[in-house]
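Heads up: the structure comes next, in structure tokens.
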Ligand SMILES: *Cc1c(COP(=O)(O)O)cnc(C)c1O
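Residue numbers (our numbering): 1 to 389.
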């Protein structure tokens, strides 16, 4: 066990003078709400992903919600997604009055299993929301094939996967809609924020209208000219637009994105090299044909052969000054969904198996070699100390 105690956060945004200066520029410009900085950020996002449209909003939750709304998902419809995700993925389906139908993950990548999706298709199914867990793409060829066969829209929850790729194509551009998160621990941040990308002109027009109160810009521009006081609400929309103050942060974060993924990858590589040699720790499996964005680094503990469980393991890390997390508590374990949909333990065995063993370790671009080594030494020491003899 290393002697000097360090304090390692779970995550840390990589913010420098570039972001700070861009925010100051915006604050001094006199224009704070959605404007030129959002537009410039959208252009950067679209160019980076080689996609026609990017629409920025105030969270990935909002991005997912307006994608389903743009697709016309509503009461009586079913949307298939994974139980191994953040609650937002499921909530947006419920916001639209549709029914979430969960399909279990595969145990290697923790991504939704195409075979499980097939079992859950019904006449009511309208869309699939795959989540690229931790920054590794789902099996998108298989998922798109199922979607095409049944006429379903694919809305990618790419909250972890900005910069990730599948067969050389960016995650978020593999379905009809791709949704990103700029929450502080995600691969880039705006404090809070999100975006949808799409190649469909019609969908983009709908998304822009839905993110800002259902107001259609062009309709009123036609009669009164830009900058006029007149506007028309054409449908029920949301107030999900992003502020130019936050878009300024995103603009400068985009400049660092590829570098920050390389830095994350290097740390993940160090982790896997060290833990790969340890009995009792399973390291993340990286599939062929993907570029991993390394939002998360999650290990599985061999709890059957340990004297402590996953929670006690995290407690011991905490005592050593290391903040770890669990991604995710399966959806069907949360009281709200459990009581609303009557879920039971055993409904999604692969998600449950992962949940009982999984630990997300600290991972952020500026994590030093000393910090990484400190985590490695402590994780290994705790595993070794608690092995069943
Ligand atoms: C973070 C996250 C979201 C929500 O992102 P927000 O920007 O916080 O709304 C959605 N899905 C997944 C898988 C996430 O991890």
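Every residue, glycine too, gets a C-beta built ideally from N, C-alpha and C.
In terms of residues, what are the limits of the alpha helix (DSSP H) holding residue 366?
Looking at the DSSP string, residue 366 is not in any alpha helix (DSSP H), and its letter there is neither H nor E.
Got a sec? Which residues, its chain only, sit under 8 Å from residue 285 by beta carbon, not counting five neighbours each side?
Sequence-distant partners of residue 285 (beyond 5 residues in either direction) whose C-beta falls short of 8 Å from its own C-beta, in its chain, are 108 and 109.
Tell me the DSSP bridge mates of residue 306?
Beta-bridge partners of residue 306 (DSSP): 387.
8 Å Cβ cutoff met for residue 82 and residue 64:
In this structure, residue 64 does not lie closer than 8 Å to residue 82 by Cβ.
Report yes or no: do three or more beta-carbon pairs, one from the segment 60–77 and one from the segment 276–285, lie closer than 8 Å?
At 8 Å Cβ cutoff, the stretches do not touch.
Any idea if residue 346 is buried or exposed, counting beta-carbon neighbours within 10 angstroms, 16 or more meaning buried?
Counting of Cβ neighbours within 10 angstroms places residue 346 among the exposed residues, the total staying below 16.
Element boundaries [alpha helix (DSSP H), containing residue 249]:
Segment 244–275, the alpha helix (DSSP H) holding residue 249.
In chain order, what are the residues with a CB under 6 Å from some non-hydrogen atom of ligand 1?
My final list is 59, 60, 61, 85, 86, 88, 89, 131, 157, 159, 160, 181, 183 and 194.
Residue 66, DSSP secondary structure in three states:
DSSP places residue 66 in helix when its eight states are reduced to three.
Beta-carbon proximity of residue 22 to residue 248, cut-off 8 Å:
Yes, the pair counts as a contact, with Cβ atoms nearer than the cut-off.
Can you tell me the Cα-Cα spacing of residue 85 and residue 194, whole angstroms?
Going from the Cα of residue 85 to the Cα of residue 194 covers about 17 Å.
Quick one: grab the DSSP three-state call for residue 338.
Residue 338: helix per DSSP, three-state reduction.
How would you call residue 366, buried or exposed, if buried means at least 16 neighbouring beta carbons within 10 angstroms?
With fewer than 16 Cβ atoms within 10 Å of its Cβ, residue 366 is classed as exposed.
Beta carbon of residue 204 nearer than 8 Å to that of residue 66:
No, they are not a contact pair.
Span of the beta strand (DSSP E) holding residue 81?
Boundaries of the beta strand (DSSP E) around residue 81: 78–81.
Below 8 Å, how does it come out for the segment 46–62 and the segment 134–141: are there three or more Cβ pairs, yes or no?
Contact between the segment 46–62 and the segment 134–141 is not established, with fewer than three Cβ pairs separated by less than 8 Å.
Are there three or more Cβ pairs, one per stretch, closer than 8 Å when the segment 151–171 is compared with the segment 11–21?
Because the criterion of three Cβ pairs below 8 Å is not met, the segment 151–171 and the segment 11–21 do not touch.
In the DSSP assignment, find the alpha helix (DSSP H) that holds residue 89 and state where it starts and stops.
Here the alpha helix (DSSP H) through residue 89 covers 87–95.
Mind checking residue 190: buried by the 16 CB within 10 Å criterion, or exposed?
With 16 or more Cβ atoms within 10 Å of its Cβ, residue 190 is classed as buried.
Can you tell which of 211, 228 and 192 has its C-alpha closest to the C-alpha of residue 245?
Nearest C-alpha to residue 245: 192.
Can you tell me where the alpha helix (DSSP H) with residue 287 in it begins and where it stops?
Following the DSSP letters along the chain, one finds residue 287 in no alpha helix (DSSP H), marked with neither H nor E.
From which residue to which residue does the beta strand (DSSP E) around residue 434 run?
Any answer about residue 434 is impossible in this case: the structure gives the chain only from 1 up to 389.
DSSP state of residue 179, grouped into three classes?
Strand, per DSSP.
Backbone secondary structure at residue 297 - three-state DSSP:
Strand at residue 297.
Alpha carbon of residue 446 to alpha carbon of residue 225, nearest angstrom
A query on residue 446 cannot be resolved here, the shown segment of the chain reaching from 1 to 389 and no further.
My assumption, with CB atoms under 8 Å, is that residue 53 sits in contact with residue 197. Please give the rounded CB distance.
Confirmed, about 7 Å.
Whole-angstrom C-beta distance between residue 354 and residue 10, which should lie under 8 Å
Actually they are not in contact, since the Cβ atoms of residue 10 and residue 354 sit about 18 Å apart, beyond 8 Å.
Out of curiosity, what's the CA-to-CA distance linking residue 235 and residue 68?
About 15 Å.
Counting Cβ pairs, one atom from each stretch, are 3 or more of them under 8 Å apart for the segment 163–174 and the segment 116–125?
When C-beta atoms of the segment 163–174 are compared with those of the segment 116–125, fewer than three pairs fall below 8 Å, so the two segments do not count as touching.
So, for residue 350: in the same chain, excluding its five sequence neighbours on each side, which residues have a beta-carbon less than 6 Å away from its beta-carbon?
Counting only Cβ-Cβ distances below 6 Å, and skipping sequence neighbours, we find 104, 105 and 107.
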